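**Q** Attaching a single structure in structure tokens format; questions to follow.
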Amino acid sequence: MSLLVVGLSHRSAPVSVLERASLSADAKTKLLHDTLAAEPATEATVLATCNRIELYADVDKFHAGVAELSTLLAQHSGVALEELTPYLYVHYEDRAVHHLFSVACGLDSMVVGEGQILGQLKDALALGQELHSAGRLINDLFQQALRVGKRAHSETGIDRAGQSLVTFGLEQLAVGTPVAEWARGKRALVIGAGSMSSLAAATLARVGVAEIAVANRTGERAERLAEILVASGTGVTAVAIPMAEVADELTRVDVVVSCTGATGLVLTADDVLAAVAGGEGEGWAEPGFRPRIPGPQSPVGSAVRPTGPGSAPDPAPRTAAGLDAADADVLARLVAAAEAGGRIADAGAARTISAPADAEADGCPVGLDGRSALTGVDANSLELHGTWADQGEAAAQRQPRRSARTQAYATDVRLALLDLAMPRDIDAAVHRIPGVRLVDIESLAEASADAPMATDVDAVRGIVAQEVAAFGAAQRAAHITPTVVALRAMAAEVVAMEVARLDGRLPDLDERQRAEVTQTVRRVVDKLLHAPTVRVKQLASEPGGAGYADALRELFDLDPQTVASVSRADAADPKNDDDPGRAS
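Residue numbers (the working numbering): 93 to 676.
Here you go:
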């Protein structure tokens with residue numbers, strides 16, 4: 093076995109790199125074709141999810157294989173090799189098997205124990221089979237990985253160590269409130285109708301949302317998902333809407349979950365800002381406050397201004413057409429500075445804009461608590477505010493992730509957004525809009541780092557270790573099987589030749605006598621070969637046992653071409669692909 097995996101995941105690379113390196117369906121197909129065309133690889137498949145991109149291949153040269161697979165990943169992902177290389181990891185032979193089995197059990201997932209990875213493994217295997225890039229090793233490996241994953245979930249409580257990405261994301265949106273209590277009666281929009289979006293819709297229906305609108309570029313799939321939700325028995329009302337109506341739907345919903353295969357943004361900051369300003373969702377309009385819009389391009393977004401006795405009069409509202417040129421210039425510089433500092437795609441907890449209690453002491457000229465008015469603030473103060481907000485949020489990342497203030501503010505969320513897509517569907521800048529809470533892949537990565545590890549994780553690790561040893565032994569034993577078969581074939585040929593020679597020397601033997609002589613000779617040969625062949629299989633299954641096949645070929649002067657032909661025939665045997673005991 094010369095299994096090699098080269099890849100990157102949420103553990104090795106920042107989300108910004110994973111986004112750029114994500115592979116489309118066409119890119120995966122081309123990647124596998126080019127991998128097989130490369131000299132070191134004889135079979136391959138690719139596992140590409142929102143959290144990882146891994147290329148598995150059977151190679152005959154380790155160093156050449158690493159170089160070739162890394163180059164191919166860079167070419168097809170669109171990320172330069174020199175930029176991608178620091179984030180790549182490499183596993184070989186037993187370590188590669190251990191890695192895949194750990195992935196299958198959910199040990200390497202962002203949310204430990206999640207079971208969605210099993211479906212993604214099936215998809216990776218199916219793609220390799222469809223493109224005929226998956227040979228004997230890849231088929232055996234992924235089939236066994238599926239069995240190991242199912243065993244881990246059935247024999248341990250690994251499911252208790254984590255939840256699906258959807259459930260975990262909803263928990264982050266709920267901020268300490270039970271999800272069922274938080275979701276009860278809410279209106280939701282699900283963008284996309286693939287496997288993850290369908291799971292999200294089903295989860296929302298199960299936890300008690302009242303209405304779900306499904307938007308998808310293919311209307312028929314959205315309609316089908318809506319029909320399934322209505323028929324689920326949860327009592328949810330579900331409808332399909334065109335993608336063109338998403339902006340209008342945003343003003344009517346409380347929760348949005350998006351997971352599409354789009355390469356660009358599905359929801360921009362402008363879309364969300366307009367929806368928050370124009371919507372009438374529960375929990376937004378509180379006594380003494382009403383929404384105000386500082387301008388649709390603002391990185392801060394909508395705010396709410398106090399009204400009532402003693403409050404300052406409202407300046408005239410400004411729309412995009414009335415945005416001062418000076419303000420627009422400041423806002424453009426704020427966005428540019430944020431991008432340069434990594435703020436637009438920053439890591440951190442789920443993002444709802446809030447301010448530390450000592451905001452005024454830190455020198456913020458506005459005072460940002462999600463309700464302060466920004467309309468009418470001069471350009472210099474607005475720019476200082478942007479700098480202050482970035483510094484405050486950077487400092488917040490060095491503190492415990494959720495303060496009491498953040499938990500209290502969660503009740504004021506007007507629109508909760510869960511972005512499960514990679515690359516992202518929702519502009520990360522929406523986290524700066526007051527009343528908007530965004531949870532995305534980056535947020536989940538950090539939040540899951542604090543999740544407690546259940547004791548069942550150790551049990552799963554034990555299962556993985558057992559299965560890796562068993563798989564390695566089986567593969568090493570299988571490696572010597574063609575040599576043993578060729579040896580027995582040679583022995584059978586010798587028996588046939590000697591029986592034919594005996595017929596020429598003793599032509600008077602009747603059929604019964606000839607059959608008895610033939611059977612006796614065969615028994616002698618079988619008994620002589622039995623102990624050596626059984627023992628050599630046992631020895632070959634142990635680490636370092638690959639050399640026994642070579643020794644057997646040398647001792648019995650076996651034709652290498654005969655051994656190779658046995659291997660090809662064994663790999664092409666249709667029974668190997670139709671084994672009813674294999675996981676599907």
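All C-beta atoms, glycine included, are put in the ideal place defined by N, C-alpha and C.
As the structure is a prediction and not an experimental result, all values here were calculated from the model.
Just the Cα atoms here: how many angstroms apart are residue 99 and residue 146?
**A** What you label residue 99 is simply residue 7 of the sequence shown in a count that begins at 1. What you label residue 146 is simply residue 54 of the sequence shown in a count that begins at 1. Going from the Cα of residue 99 to the Cα of residue 146 covers about 4 Å.
**Q** Strictly by DSSP, which residues pair up with residue 532?
**A** Along the sequence shown, one-based indexing puts residue 532 at 440. Answer by DSSP bridge pairing, in chain order: 511.
**Q** When you compare only the Cα positions, how much space is there between residue 693 and residue 221?
**A** Here the chain has residues from 93 to 676 only, and residue 693 is not among them.
**Q** Give me the DSSP bridge partner(s) of residue 137.
**A** Indexing the sequence shown from 1 puts residue 137 at position 45. Paired residues: 148.
**Q** Apply the 10 Å Cβ neighbour rule to residue 352 and answer buried if 16 or more other Cβ atoms are within range, or exposed otherwise.
**A** The residue labelled residue 352 in the question sits at position 260 within the sequence shown. When all chains shown are included, residue 352 counts as buried.
**Q** First and last residue of the beta strand (DSSP E) that includes residue 101?
**A** Taking the first residue of the sequence shown as 1, we reach residue 101 at position 9. Counting along the chain, the beta strand (DSSP E) containing residue 101 begins and ends at 95 to 101.
**Q** So is the beta-carbon of residue 300 under 8 Å away from any non-hydrogen atom of the ligand SAM?
**A** The ligand SAM is absent from the structure shown, which contains no ligand whatsoever.
**Q** With residue 294 and residue 333 assumed to form a contact (beta carbons below 8 Å), what rounded beta-carbon distance in angstroms separates them?
**A** Stepping through the sequence shown from its first residue, residue 294 is reached at position 202. Stepping through the sequence shown from its first residue, residue 333 is reached at position 241. Their Cβ separation, rounded to whole angstroms, is 18 Å, which puts residue 294 and residue 333 out of contact at 8 Å.
**Q** Under 9 Å between the Cβ atoms of residue 301 and residue 275?
**A** Position 209 of the sequence shown, counting from 1, holds the residue named residue 301. Position 183 of the sequence shown, counting from 1, holds the residue named residue 275. Their beta carbons are under 9 Å apart, which means residue 301 touches residue 275 by this criterion.
**Q** Check whether the segment 178 to 198 touches the segment 104 to 111, taking contact to mean three or more Cβ pairs, one atom from each stretch, closer than 8 Å.
**A** Contact holds: three or more Cβ-Cβ distances are below 8 Å.
**Q** Are the segment 506 to 518 and the segment 354 to 363 touching, with three or more C-beta to C-beta distances below 8 Å?
**A** Enough Cβ pairs lie closer than 8 Å, so yes.
**Q** Please report how far the alpha carbon of residue 600 lies from the alpha carbon of residue 229, in whole angstroms.
**A** Against the sequence shown, residue 600 aligns to sequence position 508. Against the sequence shown, residue 229 aligns to sequence position 137. Cα-Cα distance, rounded: 53 Å.
**Q** Measuring only the C-alpha atoms, how far is residue 278 from residue 336?
**A** The residue you call residue 278 lines up with position 186 of the sequence shown. The residue you call residue 336 lines up with position 244 of the sequence shown. In a straight line, the C-alpha of residue 278 is about 22 Å away from that of residue 336.
**Q** With DSSP as the reference, label residue 223 as helix, strand or coil.
**A** One-based indexing of the sequence shown puts residue 223 at position 131. Three-state result, residue 223: coil.
**Q** How long is the line joining the alpha carbons of residue 365 and residue 519, rounded to whole angstroms?
**A** Indexing the sequence shown from 1 puts residue 365 at position 273. Indexing the sequence shown from 1 puts residue 519 at position 427. Going from the Cα of residue 365 to the Cα of residue 519 covers about 11 Å.
**Q** When DSSP labels each residue in this structure, what does residue 525 get in the three-state scheme?
**A** Reading the sequence shown from its first residue, position 433 is the one you call residue 525. Three-state result, residue 525: coil.
**Q** Less than 9 Å between the C-beta atoms of residue 346 and residue 508, yes or no?
**A** The residue you call residue 346 lines up with position 254 of the sequence shown. The residue you call residue 508 lines up with position 416 of the sequence shown. Taking 9 Å as the Cβ cut-off, residue 346 and residue 508 qualify as a contacting pair.
**Q** Can you give me the Cβ contacts of residue 330 inside the same chain, cut-off strictly under 6 Å, excluding the 5 residues immediately before and after it?
**A** For the purposes of this step, residue 330 is taken as residue 238 along the sequence shown, with counting starting at 1. Correct list, in chain order: 304, 318, 321 and 322.
**Q** Please list the terminal residues of the continuous beta strand (DSSP E) segment that includes residue 257.
**A** Counting from 1 along the sequence shown, the entry for residue 257 is found at position 165. No beta strand (DSSP E) holds residue 257; the alpha helix (DSSP H) holding it covers 257 to 266.
**Q** What are the start and end residues of the beta strand (DSSP E) that includes residue 279?
**A** Locating residue 279 in the sequence shown gives position 187, counting from the first residue. Where residue 279 is concerned, the enclosing beta strand (DSSP E) stretches over 279 to 283.
**Q** Indicate the three-state DSSP secondary structure (helix, strand or coil) for residue 297 in the structure shown.
**A** Along the sequence shown, one-based indexing puts residue 297 at 205. In the structure shown, residue 297 sits in a helix (DSSP, three-state: H, G or I).
**Q** Answer yes or no: do residue 328 and residue 283 have a C-beta to C-beta separation smaller than 9 Å?
**A** For this step, residue 328 is matched to residue 236 along the sequence shown. For this step, residue 283 is matched to residue 191 along the sequence shown. No, they are not a contact pair.
**Q** When DSSP labels each residue in this structure, what does residue 105 get in the three-state scheme?
**A** One-based indexing of the sequence shown puts residue 105 at position 13. If DSSP states are grouped into helix, strand and coil, residue 105 belongs with coil.
**Q** Is residue 170 buried or exposed, if buried means 16 or more other CB atoms sit within 10 Å of its CB?
**A** Residue numbering aside, residue 170 sits at position 78 when the sequence shown is read from its first letter. Classification of residue 170: exposed, given that the 10 Å Cβ count is below 16.
**Q** Please classify residue 626 as buried or exposed, where buried requires at least 16 other C-beta atoms within 10 Å of its C-beta.
**A** One-based indexing of the sequence shown puts residue 626 at position 534. Exposed is the call here.
**Q** Of the residues 521, 528, 558 and 511, which one's Cα is nearest the Cα of residue 504?
**A** The count along the sequence shown starts at 1 and reaches residue 504 at position 412. Nearest of 521, 528, 558 and 511 to residue 504, Cα basis: 528.
**Q** By the three-class DSSP mapping on this structure, what secondary structure does residue 155 have?
**A** Counting from 1 along the sequence shown, the entry for residue 155 is found at position 63. In this structure, residue 155 counts as helix in the three-state DSSP scheme.
**Q** Determine the closest residue to residue 569 out of 260, 244 and 629, with distance taken between C-alpha atoms.
**A** Locating residue 569 in the sequence shown gives position 477, where the first residue counts as 1. Taking only the C-alpha atoms, the option nearest residue 569 is 629.
**Q** Please name the residue or residues paired with residue 303 in a DSSP beta bridge.
**A** One-based indexing of the sequence shown puts residue 303 at position 211. According to DSSP, which records beta bridges pairwise, residue 303 is partnered with 279 and 329.
**Q** Could you pull out every residue in the same chain whose Cβ sits closer than 6 Å to the Cβ of residue 349, ignoring the five residues on either side in sequence?
**A** Counting from one through the sequence shown, the residue named residue 349 turns up at place 257. Counting only Cβ-Cβ distances below 6 Å, and skipping sequence neighbours, we find 282, 292 and 510.
**Q** Rounded C-beta distance between residue 186 and residue 94? I'm assuming under 8 Å.
**A** Here residue 186 corresponds to residue number 94 of the sequence shown, with the count starting at 1. Here residue 94 corresponds to residue number 2 of the sequence shown, with the count starting at 1. Not quite, the Cβ-Cβ distance comes to about 11 Å (not below 8 Å), so this is no contact.
**Q** Locate the alpha helix (DSSP H) running through residue 189, then write down its first and last residues.
**A** For the purposes of this step, residue 189 is taken as residue 97 along the sequence shown, with counting starting at 1. That run of the alpha helix (DSSP H) goes 186 to 196.
**Q** Who pairs with residue 350 in a beta bridge, going by DSSP?
**A** Locating residue 350 in the sequence shown gives position 258, where the first residue counts as 1. 283 and 511, per the DSSP bridge assignment.
**Q** From which residue to which residue does the alpha helix (DSSP H) around residue 321 run?
**A** For the purposes of this step, residue 321 is taken as residue 229 along the sequence shown, with counting starting at 1. Residues 311 to 322.
**Q** Give the range of the alpha helix (DSSP H) segment to which residue 246 is assigned.
**A** What you label residue 246 is simply residue 154 of the sequence shown in a count that begins at 1. That run of the alpha helix (DSSP H) goes 228 to 247.
**Q** So, under 8 Å CB-CB, residue 342 and residue 314 are touching, yes? Tell me the CB distance rounded to an integer number of Å.
**A** Your numbering for residue 342 matches position 250 in the sequence shown. Your numbering for residue 314 matches position 222 in the sequence shown. Their Cβ separation, rounded to whole angstroms, is 16 Å, which puts residue 342 and residue 314 out of contact at 8 Å.
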